[in-house]
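Q: In our numbering, the protein residues as written are 10 to 322.
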Ligand code: NAD
Ligand code: UDP
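Put into structure tokens, the structure is as follows:
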């Protein structure tokens, strides 16, 4: 049994991770400031004596004894991370400094939830981990992209300079139950719109691509990454290589929900990446043959069922 700290544990991914770690017999401490997270996502865990909840902002130092840290605290939806961009940078950078400082002091192993956004609007396709990316350092996405890039730099330097045991994963677009209806990311937006027969909002011409990963595949990848030997630090891409345009995503969701929604075309936000697809060769090799198991249609059906119930409440 390990004692494990999950920052951002009341968020979409964090709440799934807390649940999985508890099911595997660990003690879990969930830390969150509830910016985009909600207690409802973890309320069913509160009676578990091996679960603890701390309201805390990662931009402030915190001391606790744990064996492992999963650092997830950071808003992930463009709408939320652009709401207060300076705070987003502080969360990524000061959060990383505080959690790495803690890991150093208590000799904990620490995993960083980095992102495919470190590749920006990529010109190499699919993206391999050795690609340095194509990021606008002063654009509207830079608070997130550069914050996460700086966090990666902090991680590798704490490893090189202080021997902190680090793991970096670059997460590609992930979706599933426990997303918020007003999260603002594309899968939740389209499903909520389709279930309510409202217009489906396609930004731009809808030919931009993303590769969507179901949340259980991500969680499996995270756990396997944490379990690798100290010599493997990453970064490693964790995503589903199935690549779809936003038009294809919308068509799939309309079909699966039987919706009467129509497509409407809205302006494309600035610096919106035109394509994104992970090369997962490294993950396959280093994470014991890990690869995504859930197809887009299967994952969408589960997510639609979740939102259908949520909207009926
Ligand atoms: P989310 O917004 O649902 O979760 C983020 C959590 O962090 C929330 O509970 C929020 O309240 C908390 N948080 C934000 N700022 C904080 C702060 N200063 N102190 C403490 N807690 C804070 O997003 P998510 O999709 O669950 O993403 C989790 C992590 O995974 C993020 O770091 C994100 O960058 C990364 N990631 C996610 C995806 C994805 O597609 N879901 C893709 C790439 C990377
Ligand atoms: N998008 C869209 N309609 C929406 C929300 C998003 O067409 O209602 C597009 C967005 O412009 C982007 C893609 O869907 O091209 C993925 O957006 P999301 O915010 O989910 O993630 P990210 O851009 O960070 O990958």
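Even glycine gets a Cβ: it sits at the ideal position worked out from N, Cα and C.
1. Give the range of the beta strand (DSSP E) segment to which residue 83 is assigned.
2. Give the straight-line distance between the Cα atoms of residue 90 and residue 98, rounded to the nearest whole angstrom.
3. Per DSSP, what kind of secondary structure is residue 26 in: helix, strand or coil?
4. Taking three-plus beta-carbon pairs below 8 Å as touching, is the segment 61 to 79 in contact with the segment 148 to 159?
5. Report the option in 234, 213 and 243 whose CA atom is closest to the CA atom of residue 256.
6. Is residue 120 near the ligand NAD - that is, is its Cβ less than 7 Å away from at least one heavy atom of it?
7. Where are the beta strand (DSSP E) runs, 3 residues long or more, that stay fully inside the segment 174 to 224, in chain order?
8. Which residues, in chain order, sit with a beta-carbon under 7 Å away from any heavy atom of the ligand UDP?
9. Where does residue 162 land, buried or exposed, given buried means 16+ other C-beta within 10 angstroms?
10. Under the criterion of a Cβ to heavy atom distance below 7 Å, does residue 226 qualify as lining the ligand NAD?
11. What separation, rounded to the nearest whole angstrom, lies between the Cα atoms of residue 188 and residue 199?
12. Ordered along the chain, which non-local residues of its own chain (more than five positions away) have a Cβ less than 7 Å from that of residue 48?
13. Whole alpha helix (DSSP H) runs in the segment 105 to 184 with 4 or more residues, listed along the chain?
14. At the level of alpha carbons, what is the spacing between residue 3 and residue 112?
15. Alpha helix (DSSP H) containing residue 319: first to last residue?
16. Give, in chain order, every unbroken run of the beta strand (DSSP E) that is at least 3 residues long and sits entirely within the segment 239 to 315.
17. Does residue 141 pass the burial test, meaning 16 or more other C-beta atoms within 10 Å, or should it be called exposed?
18. According to DSSP, simplified to helix, strand and coil, what is residue 237?
19. Looking at residue 62 and residue 31, is the spacing between their C-beta atoms short of 8 Å?
20. Could you pull the DSSP bridge partners for residue 79 from this structure?
21. Let me confirm a value: residue 25 is counted as buried when at least 16 other C-beta atoms fall within 10 Å, else exposed. Which label applies?
22. Verify the contact flag: residue 249, CB atom, against every heavy atom of the ligand NAD, threshold strictly below 7 Å.
23. Given the structure, does residue 66 come close to the ligand NAD, in the sense that its CB is under 7 Å from one of the ligand's heavy atoms?
24. Taking its Cβ as the centre, do 16 or more other Cβ atoms sit within 10 Å of residue 102, making it buried, or is it exposed?
25. Using a Cβ-Cβ cutoff of less than 7 Å, which residues in the same chain neighbour residue 302 once the five nearest sequence positions on both sides are dropped?
26. Determine whether the beta carbon atoms of residue 266 and residue 224 lie at a separation below 8 Å.
27. Does the Cβ of residue 83 lie closer than 7 Å to at least one heavy atom of the ligand NAD?
28. Starting from residue 38, trace the beta strand (DSSP E) both ways and give me its first and last residue.
29. Using DSSP with H/G/I as helix, E/B as strand and the rest coil, what is residue 33?
A: This is what the structure holds:
1. By one-based count along the chain shown, residue 83 stands at place 74. Careful: residue 83 lies outside any beta strand (DSSP E) and carries neither H nor E.
2. Here residue 90 refers to the residue found at position 81 when the chain shown is read from its first residue. Here residue 98 refers to the residue found at position 89 when the chain shown is read from its first residue. Roughly 9 Å between the two C-alpha positions.
3. The sequence position of residue 26 within the chain shown is 17, counting from 1. Three-state result, residue 26: helix.
4. no
5. As a working mapping, residue 256 is identified with position 247 in the chain shown. Among 234, 213 and 243, the Cα nearest to that of residue 256 is on 213.
6. The count along the chain shown starts at 1 and reaches residue 120 at position 111. No, since every heavy atom of the ligand NAD falls outside the 7 Å radius drawn around the Cβ of residue 120.
7. 175 to 180, 209 to 212 and 218 to 220
8. 86, 87, 126, 182, 193, 194, 195, 196, 198, 199, 210, 211, 212, 213, 215, 217, 219, 255, 277, 278, 281, 282 and 285
9. As a first step, residue 162 is located in the chain shown; it is residue number 153 there, counting from the start. Classification for residue 162: exposed.
10. For the purposes of this step, residue 226 is identified with residue 217 of the chain shown, where counting begins at 1. Not under cutoff, so the answer is no.
11. For this step, residue 188 is matched to residue 179 along the chain shown. For this step, residue 199 is matched to residue 190 along the chain shown. Approximately 12 Å, taken between the alpha carbons.
12. To locate residue 48, count along the chain shown from 1; it is residue 39. Excluding residues within five positions, the ones whose Cβ falls inside 7 Å are 19.
13. 151 to 171
14. Lying before the first or after the last residue shown, residue 3 is absent from the chain, which here runs from 10 to 322.
15. Taking the first residue of the chain shown as position 1, residue 319 is located at position 310. Note, residue 319: alpha helix (DSSP H), 305 to 321.
16. 245 to 247, 252 to 254 and 272 to 275
17. Here residue 141 refers to the residue found at position 132 when the chain shown is read from its first residue. Per the 10 Å Cβ criterion, exposed.
18. Start at 1 with the first residue of the chain shown, and residue 237 comes out as number 228. In the structure shown, residue 237 sits in coil (DSSP, three-state: anything other than H, G, I, E or B).
19. Residue numbering aside, residue 31 sits at position 22 when the chain shown is read from its first letter. Residue numbering aside, residue 62 sits at position 53 when the chain shown is read from its first letter. Taking 8 Å as the Cβ cut-off, residue 31 and residue 62 do not qualify as a contacting pair.
20. One-based indexing of the chain shown puts residue 79 at position 70. Residue 79 is bridged to 15 and 120.
21. Translated into positions along the chain shown, residue 25 becomes position 16. So residue 25 ends up on the buried side.
22. Here residue 249 is taken as the residue at index 240 of the chain shown, counted from 1. Not so, every heavy atom of the ligand NAD lies at least 7 Å from the Cβ.
23. Residue mapping note: residue 66 aligns to position 57 of the chain shown, counting from 1. Answer for residue 66: yes, Cβ within range of the ligand NAD.
24. The residue labelled residue 102 in the question sits at position 93 within the chain shown. Buried, because 16 or more other Cβ atoms sit within 10 Å of the Cβ of residue 102.
25. Locating residue 302 in the chain shown gives position 293, counting from the first residue. Excluding sequence neighbours, residue 302 sits near 226.
26. Along the chain shown, read from residue 1 onward, the residue named residue 266 stands at position 257. Along the chain shown, read from residue 1 onward, the residue named residue 224 stands at position 215. No, the Cβ-Cβ distance between residue 266 and residue 224 is not below 8 Å.
27. To locate residue 83, count along the chain shown from 1; it is residue 74. Correct: residue 83 has its Cβ closer than 7 Å to the ligand NAD.
28. On the chain shown, residue 38 is found 29 positions in, with the first residue counted as 1. Element bounds for residue 38: 36 to 41.
29. Numbered from 1 along the chain shown, position 24 holds the residue referred to as residue 33. Residue 33 falls in the coil class under three-state DSSP.
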